[in-house]
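Novice:
Here you go:
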């Protein structure tokens, strides 16, 4: 087994964000001496705007799913976590940017209020429209939580918000923007962010390698869960057990691109995903997908894998449909016939009826040396935690933990395990919250 690679994506982002601070210090420091309250507030406003533009641009770059960027982070799931955090921070900085600049541009409270709305200055108006557009998009994304197809449409307007913000930076009269190096740096990031947005939204389909598959059969594992088996049209996709893909089914009403974990082994002839009814699209997919439908597959993505670490003692925790990567793990173990492992899988569902892969996993348990499957029913046992895991495993600290489940379950288990002296680097998780 391998050691987990060190990823430097976060440090690189921090470095990019520090540059505007350094530039601003050398350009602006003489204007805030003596340290008047107004000068300090205005300087902070300018700093928030500069960092916010860079951060917003980086966020669009992260969302473009470039393969070279994936290598800087712990997989695409980790990138999207950083994407969400950066997006929220960038929004806060850019929101406070015009507010903190009010002392410079407005002599009265009434003027300050009007400053936040459309006026006579094109440069200022571009910034105001950009901010209000971001406010609307953030409210839609974080608080109204639209359906996936609506979410994808609203996210397309973030590029427009950045474009207007970059024009605002270019046109706004400012002694700071008179510095060629700083202006080039800020606008350079803005342009790269816009290009990344255009690539993801329009041009990606022309440059990304897609694999063509054909739906071979659809198996109904339960009323709400199906297994889709697809055969390659020509070339098979190469992936590691536990990775996920983006799929578009070329059938009317089902062509929307969605991510799914792979539940087949890399050596299997058929590519398999498992789908649970979690919304309008998945419900339609379960009820309407036909055999023979073309499926365009993009990927693979993710580094969630049992073999990324040296430790042979592992505890796998699957929450509901989060069992899919573990099914791929187990099938892979059968193929590899790995010796010396001691792996326990806790298959967590509400009741036995929801454990659609229990029979398969129990069959694989008999074929894998050192692999044990424990069904865990929350309606009988409550929510799983470290105390309940200890009832089956003596020393938790010897193990690495792999968790694939809903975000709230992952977060709860992380806190619980860390409270029980499990180091955070021994807890590996995969979630789809994007």
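Numbering (my numbering), first residue to last: 412 to 845. Even for Gly, the Cβ is constructed at its ideal location relative to N, Cα and C. Because the structure is a prediction, the values reported are computed rather than measured.
By how many angstroms is the C-alpha of residue 570 removed from the C-alpha of residue 613?
Specialist: Looking up residue 613 in the chain shown gives position 202. Looking up residue 570 in the chain shown gives position 159. Using only the alpha carbons, I get a separation of about 12 Å.
Novice: For residue 831, report the span of its alpha helix (DSSP H) as first-last.
Specialist: Residue mapping note: residue 831 aligns to position 420 of the chain shown, counting from 1. Where residue 831 is concerned, there is no enclosing alpha helix (DSSP H), given that its DSSP letter is neither H nor E.
Novice: Is it true that the CB of residue 781 sits closer than 8 Å to the CB of residue 716?
Specialist: Locating residue 716 in the chain shown gives position 305, counting from the first residue. Locating residue 781 in the chain shown gives position 370, counting from the first residue. Contact: no.
Novice: Could you tell me the distance, in whole angstroms, from the CA atom of residue 466 to the CA atom of residue 429?
Specialist: Position 55 of the chain shown, counting from 1, holds the residue named residue 466. Position 18 of the chain shown, counting from 1, holds the residue named residue 429. Those two C-alpha atoms are separated by around 11 Å.
Novice: Buried or exposed, going by whether 16 or more other CB atoms sit within 10 Å of the CB of residue 584?
Specialist: To locate residue 584, count along the chain shown from 1; it is residue 173. Exposed is the label assigned to residue 584, since fewer than 16 other Cβ atoms lie within 10 Å of its Cβ.
Novice: Assign residue 484 to one of three DSSP states: helix, strand, or coil.
Specialist: On the chain shown, residue 484 is found 73 positions in, with the first residue counted as 1. Note: residue 484 maps to coil in three-state DSSP.
Novice: Report the partner residues of residue 621 according to the DSSP bridge assignment.
Specialist: Taking the chain shown and counting its residues from 1, the one referred to as residue 621 is at position 210. Beta-bridge pairing links residue 621 to 709.
Novice: Output needed for residue 650: all residues of its chain with C-beta closer than 8 Å, excluding positions within five of it in sequence on either side, in chain order.
Specialist: To locate residue 650, count along the chain shown from 1; it is residue 239. Result list for residue 650: 656, 673, 677, 710 and 711, in chain order.
Novice: Note down the Cα distance separating residue 767 from residue 424, rounded to an integer number of angstroms.
Specialist: Mapped onto the chain shown, residue 767 falls at position 356. Mapped onto the chain shown, residue 424 falls at position 13. So the two alpha carbons sit approximately 42 Å from each other.
Novice: Once the 5 residues before and after residue 789 are set aside, which same chain residues still bring their CB inside 6 Å of it?
Specialist: Position 378 of the chain shown holds residue 789. 761, listed in sequence order.
Novice: What are the partner residues of residue 756, as DSSP defines its beta bridges?
Specialist: Position 345 of the chain shown, counting from 1, holds the residue named residue 756. Residue 756 pairs with 727 and 784.
Novice: With distances taken from CA atoms, which of 842, 816 and 812 is nearest residue 836?
Specialist: For the purposes of this step, residue 836 is taken as residue 425 along the chain shown, with counting starting at 1. It is 812 whose Cα lies nearest to the Cα of residue 836.
Novice: Suppose the cutoff is 6 Å on Cβ atoms and the five residues either side in sequence are ignored; what does the same chain contact list for residue 456 look like?
Specialist: Within the chain shown, residue 456 is the residue found at index 45, counting from 1. Excluding residues within five positions, the ones whose Cβ falls inside 6 Å are 508, 511 and 512.
Novice: With distances taken Cα to Cα, identify the nearest neighbour of residue 603 among 750, 565, 464 and 658.
Specialist: Indexing the chain shown from 1 puts residue 603 at position 192. The candidate whose alpha carbon is nearest that of residue 603 is 464.
Novice: Does the distance from the CB of residue 488 to the CB of residue 829 come in under 8 Å?
Specialist: Taking the first residue of the chain shown as position 1, residue 488 is located at position 77. Taking the first residue of the chain shown as position 1, residue 829 is located at position 418. Not in contact: residue 488 and residue 829 (Cβ atoms no closer than 8 Å).
Novice: Residues in its own chain within less than 8 Å of residue 834 by CB, not counting five upstream and five downstream?
Specialist: In the chain shown, the residue the question calls residue 834 occupies position 423. Contacts found: none.
Novice: If you follow the beta strand (DSSP E) that residue 512 is part of, which residue opens it and which one closes it?
Specialist: Sequence index remark: in the chain shown, residue 512 carries index 101 (1-based). Taken as a continuous stretch (DSSP letters only), residue 512 belongs to no beta strand (DSSP E), as it is neither H nor E.
Novice: Pull up the distance between the alpha-carbon of residue 838 and that of residue 725, whole angstroms please.
Specialist: Here the question's residue 838 lines up with position 427 in the chain shown. Here the question's residue 725 lines up with position 314 in the chain shown. The alpha-carbon of residue 838 is positioned some 10 Å away from that of residue 725.
Novice: From residue 793 to residue 690, what distance separates their C-alpha atoms?
Specialist: Translated into positions along the chain shown, residue 793 becomes position 382. Translated into positions along the chain shown, residue 690 becomes position 279. Those two C-alpha atoms are separated by around 25 Å.
Novice: Roughly how many angstroms lie between the CA atoms of residue 590 and residue 600, to the nearest whole one?
Specialist: Taking the first residue of the chain shown as 1, we reach residue 590 at position 179. Taking the first residue of the chain shown as 1, we reach residue 600 at position 189. Between residue 590 and residue 600, the C-alpha separation is close to 16 Å.
Novice: Using DSSP with H/G/I as helix, E/B as strand and the rest coil, what is residue 492?
Specialist: Start at 1 with the first residue of the chain shown, and residue 492 comes out as number 81. Three-state DSSP puts residue 492 in a helix.
Novice: According to the neighbour-count rule (16 or more other Cβ atoms, all chains shown, within 10 Å of its Cβ), is residue 538 buried or exposed?
Specialist: Here the question's residue 538 lines up with position 127 in the chain shown. Flag for residue 538 reads buried.
Novice: Can you say whether residue 644 is buried or exposed, counting buried as having 16 or more other CB atoms within 10 angstroms of its CB?
Specialist: On the chain shown, residue 644 is found 233 positions in, with the first residue counted as 1. Residue environment for residue 644: exposed (fewer than 16 other C-beta atoms within 10 angstroms of its C-beta).
Novice: By Cβ distance, which residues of its chain are closer than 6 Å to residue 497, with the 5 residues on each side in sequence left out?
Specialist: Locating residue 497 in the chain shown gives position 86, counting from the first residue. Closer than 6 Å at the Cβ level, and outside the excluded window around residue 497, lie 466 and 470.
Novice: Please classify residue 531: is it buried, with 16 or more other beta-carbons within 10 angstroms of its beta-carbon, or exposed?
Specialist: Counted from its first residue, the chain shown places residue 531 at position 120. Taking all protein chains shown into account, residue 531 has fewer than 16 neighbouring C-beta atoms within 10 Å of its C-beta and is therefore exposed.
Novice: Return the first residue and the last residue of the beta strand (DSSP E) that residue 660 is part of.
Specialist: For this step, residue 660 is matched to residue 249 along the chain shown. That run of the beta strand (DSSP E) goes 655 to 660.
Novice: Should residue 733 and residue 765 be called a contact, given that it needs their Cβ atoms to be closer than 8 Å?
Specialist: The count along the chain shown starts at 1 and reaches residue 733 at position 322. The count along the chain shown starts at 1 and reaches residue 765 at position 354. For the 8 Å CB-CB criterion, residue 733 and residue 765 do not form a contact.
Novice: Let me know the secondary structure DSSP gives residue 595 once reduced to three states.
Specialist: Within the chain shown, numbered from 1, the residue matching residue 595 stands at position 184. It is helical.
Novice: If I measure Cβ to Cβ from residue 845 and keep anything under 6 Å in the same chain, skipping five residues before and after, which residues do I get?
Specialist: Stepping through the chain shown from its first residue, residue 845 is reached at position 434. Reliability of the predicted coordinates at residue 845 is poor, the pLDDT of 44 falling under 50, and the value obtained from them is presented with this limitation in mind. Hits under 6 Å: 491.
Novice: Could you give the first and the last residue of the continuous beta strand (DSSP E) run that contains residue 669?
Specialist: Within the chain shown, numbered from 1, the residue matching residue 669 stands at position 258. 669 to 672 is the extent of the beta strand (DSSP E) around residue 669.
Novice: Measure the CB-CB distance between residue 418 and residue 484 and report whether it falls below 8 Å.
Specialist: Residue 418 sits at position 7 when you count from the first residue of the chain shown. Residue 484 sits at position 73 when you count from the first residue of the chain shown. In this structure, residue 484 lies closer than 8 Å to residue 418 by Cβ.
Novice: Taking DSSP's pairing of strands, which residues face residue 400 in a bridge?
Specialist: Examination of residue 400 is not possible in this model, given that the chain is present from 412 through 845 alone.
Novice: For residue 573, which residues of its own chain have a beta-carbon under 8 Å away from its beta-carbon, when the five flanking residues on both sides are left out?
Specialist: Within the chain shown, the letter at position 162 stands for residue 573. Cβ neighbours of residue 573 beyond the five flanking positions: 464, 467, 468, 471, 541, 601, 604, 605 and 608.
Novice: Assign residue 757 to one of two classes, buried (16 or more other C-beta atoms within 10 Å of its C-beta) or exposed (fewer than that).
Specialist: To locate residue 757, count along the chain shown from 1; it is residue 346. The residue in question, residue 757, is buried, as its Cβ has 16 or more Cβ neighbours within 10 Å.
Novice: Please classify residue 410: does DSSP put it in a helix, a strand, or coil?
Specialist: Outside the displayed span of the chain (412 to 845) sits residue 410, for which this structure offers no information.
Novice: Could you give the distance in angstroms between the alpha-carbon of residue 847 and the alpha-carbon of residue 763?
Specialist: With the chain running from 412 to 845 in the structure shown, residue 847 is simply not present.
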